[in-house]
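K.L.:
Structure provided below as structure tokens; questions to follow.
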Amino acid sequence: MADAASLTDLRLVLAIDETGSIGGAATLLHLSQPSASQRLAVLERRVGVALVERDTTGARLTPAGLLLAEHGRRALELVAEAVAAARSPAGLRLAVGTIGSLAPVVYPALQSLLAEHLIVHRTDHGRPLVRAVADGALDAAVVGLGPAESPAFGVRWTKLGRDRVVLVGTLDSPRSRRRPLTGLRVAVATYDDEPSSVEDRVARWGGAPVRVASTTTALAMARQPGWLAAVPHTALAPHGVVEDRTARPRLAVDCHLWLVTRSARADVLVDHAPELGAALGLSNS
């Protein structure tokens with residue numbers, strides 16, 4: 206069983222989970238669909254269980270496939286870290302995690318501030334990242350918490366700043382002052398796990414809040430007629446979106462970004478926390 210799955214096999218399982226189809230996974234990995242299907246069939250024979258369920262809508266992982274994907278993702282990360290360490294044996298290697306929506310702004314900022322060090326990337330949801338720091342699997346994490354949510358898990362929390370949640374999209378005018386979002390659906394995605402305060406504000410203004418998986422998804426939804434997006438301000442820049450402060454009401458809701466660390470290895474990150482917050486455009490007021 207030790208050689209039951211190669212790295213390519215693991216990437217195939219992860220790609221099926223990401224795309225929802227074997228054909229989509231094949232395209233993502235630059236394989237032909239027959240080759241991907243054959244590789245999957247061989248892998249399932251070696252493992253001894255079905256990893257993928259197929260139907261008319263595509264393909265999805267079985268419970269066994271999900272377990273393989275979970276552990277396979279970490280295995281691929283470890284391989285990437287090993288290669289990176291070999292390439293920079295003299296530099297300080299820091300494994301830093303953040304959520305997918307923050308990655309396009311966090312990692313360029315960190316690399317600019319710590320150019321002499323190697324930053325190893327890992328993305329996940331906020332709470333698993335904090336647990337990974339607590340367990341020693343990560344040196345640090347940049348995560349978001351709502352103002353009412355208290356930091357936990359017994360690690361060191363350094364506040365990076367406050368990020369405004371803004372409305373993005375096209376509003377027709379004129380609109381009611383008291384219920385300016387009447388008749389609109391609003392895709393909500395914040396950096397914390399419970400964006401309920403944003404949803405409450407949207408509902409009070411007459412809108413229909415719809416919680417979506419990521420800020421990228423929310424901004425894509427806002428391009429459709431009858432939709433807006435409610436996302437943190439830092440999510441706009443990677444997508445070339447500029448906030449129009451005059452065209453829509455202000456939500457007056459914030460999420461707070463934190464640098465989570467535990468070991469002394471990460472002190473260099475803590476030392477640069479003010480610069481990182483500034484590079485992300487956060488407010489400390």
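Remember, the working numbering sits 205 above the position in the sequence shown when you count from 1.
Glycine included, C-beta positions come from ideal geometry on N, C-alpha and C.
Between the beta-carbon of residue 464 and the beta-carbon of residue 363, is there less than 7 Å?
P.N.:
By one-based count along the sequence shown, residue 464 stands at place 259. By one-based count along the sequence shown, residue 363 stands at place 158. Closer than 7 Å, so yes.
K.L.:
Rounded to whole angstroms, what's the CA-CA distance from residue 206 to residue 222? Just pull it up for me.
P.N.:
Here residue 206 is taken as the residue at index 1 of the sequence shown, counted from 1. Here residue 222 is taken as the residue at index 17 of the sequence shown, counted from 1. Residue placement at residue 206 is flagged as unreliable, the pLDDT there being 45, under the threshold of 50; a coordinate-derived value is accordingly withheld.
K.L.:
Apply the 10 Å Cβ neighbour rule to residue 239 and answer buried if 16 or more other Cβ atoms are within range, or exposed otherwise.
P.N.:
Within the sequence shown, the letter at position 34 stands for residue 239. Classification of residue 239: exposed, given that the 10 Å Cβ count is below 16.
K.L.:
Are there 16 or more other CB atoms within 10 angstroms of the CB of residue 300, so buried, or fewer, so exposed?
P.N.:
The residue you call residue 300 lines up with position 95 of the sequence shown. By the neighbour-count rule (16 or more Cβ atoms within 10 Å), residue 300 is buried.
K.L.:
Starting from residue 482, trace the alpha helix (DSSP H) in both directions and tell me its first and last residue.
P.N.:
For the purposes of this step, residue 482 is taken as the residue at position 277 of the sequence shown. Counting along the chain, the alpha helix (DSSP H) containing residue 482 begins and ends at 478-484.
K.L.:
Would you say residue 360 and residue 338 are within 7 Å of each other, going by their C-beta atoms?
P.N.:
Taking the sequence shown and counting its residues from 1, one reaches residue 360 at position 155. Taking the sequence shown and counting its residues from 1, one reaches residue 338 at position 133. Yes, the pair counts as a contact, with Cβ atoms nearer than the cut-off.
K.L.:
Is the CB-CB distance between residue 302 and residue 343 below 7 Å?
P.N.:
Here residue 302 is taken as the residue at index 97 of the sequence shown, counted from 1. Here residue 343 is taken as the residue at index 138 of the sequence shown, counted from 1. Going by C-beta atoms, residue 302 is nearer than 7 Å to residue 343.
K.L.:
Return yes when the Cβ of residue 273 is within less than 7 Å of the Cβ of residue 218, no when it is not.
P.N.:
Along the sequence shown, one-based indexing puts residue 218 at 13. Along the sequence shown, one-based indexing puts residue 273 at 68. Yes, they are a contact pair.
K.L.:
With a 10 Å radius around its C-beta and 16 neighbouring C-beta atoms as the bar for buried, classify residue 436 as buried or exposed.
P.N.:
Within the sequence shown, numbered from 1, the residue matching residue 436 stands at position 231. Classification of residue 436: buried, given that the 10 Å Cβ count is 16 or more.
K.L.:
Which term fits residue 438, buried or exposed, when burial requires 16 or more other beta carbons within 10 angstroms of its beta carbon?
P.N.:
Sequence index remark: in the sequence shown, residue 438 carries index 233 (1-based). The residue is buried, with at least 16 neighbouring Cβ atoms inside 10 Å.
K.L.:
Near residue 487, which residues of its chain fall below 8 Å by C-beta distance, leaving aside the five closest residues on each side in sequence?
P.N.:
In the sequence shown, the residue the question calls residue 487 occupies position 282. Counting only Cβ-Cβ distances below 8 Å, and skipping sequence neighbours, we find 365, 366, 367, 368, 439, 462.
K.L.:
Am I right that residue 430 and residue 385 are in contact with their C-beta atoms under 8 Å? What's the rounded C-beta distance?
P.N.:
Translated into the one-based positions of the sequence shown, residue 430 becomes position 225. Translated into the one-based positions of the sequence shown, residue 385 becomes position 180. Not a contact, Cβ separation roughly 17 Å.
K.L.:
Among 257, 475, 389, 276, which residue has its Cα nearest to the Cα of residue 267?
P.N.:
On the sequence shown, position 62 is the one that residue 267 refers to. Per the Cα distances, 257.
K.L.:
Using 10 angstroms around the beta-carbon of residue 381, count the other beta-carbons present and answer buried if the total reaches 16, otherwise exposed.
P.N.:
As a working mapping, residue 381 is identified with position 176 in the sequence shown. Exposed is the call here.
K.L.:
What span of residues does the beta strand (DSSP E) with residue 304 cover, start to end?
P.N.:
The residue labelled residue 304 in the question sits at position 99 within the sequence shown. That residue, residue 304, is in no beta strand (DSSP E); it is neither H nor E in DSSP.
K.L.:
Our contact map puts residue 372 next to residue 433 with C-beta atoms below 8 Å; I'd like the distance itself, whole angstroms only.
P.N.:
In the sequence shown, the residue the question calls residue 372 occupies position 167. In the sequence shown, the residue the question calls residue 433 occupies position 228. The pair is a contact, with the Cβ atoms about 5 Å apart (cut-off 8 Å).
K.L.:
Look at the alpha carbon of residue 346 and the alpha carbon of residue 263, and state the distance between them as a whole number of angstroms.
P.N.:
Indexing the sequence shown from 1 puts residue 346 at position 141. Indexing the sequence shown from 1 puts residue 263 at position 58. The straight-line gap from Cα to Cα measures roughly 35 Å.
K.L.:
Measuring straight from C-alpha to C-alpha, what distance separates residue 410 and residue 209?
P.N.:
Residue mapping note: residue 410 aligns to position 205 of the sequence shown, counting from 1. Residue mapping note: residue 209 aligns to position 4 of the sequence shown, counting from 1. The alpha-carbon atoms of residue 410 and residue 209 are separated by roughly 55 Å.
K.L.:
Are residue 174 and residue 236 touching if we call contact CB-CB under 7 Å?
P.N.:
An answer regarding residue 174 cannot be provided, because it is not within the stretch 206 to 490 covered by the chain.
K.L.:
Could you tell me which of 446, 229, 407 sits nearest to residue 421, measuring between CA atoms?
P.N.:
The count along the sequence shown starts at 1 and reaches residue 421 at position 216. Checking every option, the nearest Cα to that of residue 421 belongs to 446.
K.L.:
With H, G and I counted as helix, E and B as strand and the rest as coil, what does DSSP make of residue 368?
P.N.:
Taking the first residue of the sequence shown as 1, we reach residue 368 at position 163. Strand at residue 368.
K.L.:
Cβ atoms of residue 458 and residue 393: under 7 Å apart, would you say?
P.N.:
As a first step, residue 393 must be located in the sequence shown, where it is residue number 188. As a first step, residue 458 must be located in the sequence shown, where it is residue number 253. In this structure, residue 458 does not lie closer than 7 Å to residue 393 by Cβ.
K.L.:
With residue 408 as the anchor, note down where its alpha helix (DSSP H) starts and where it stops.
P.N.:
As a first step, residue 408 must be located in the sequence shown, where it is residue number 203. It spans 401-409 - the alpha helix (DSSP H) in which residue 408 sits, taken as one unbroken run.
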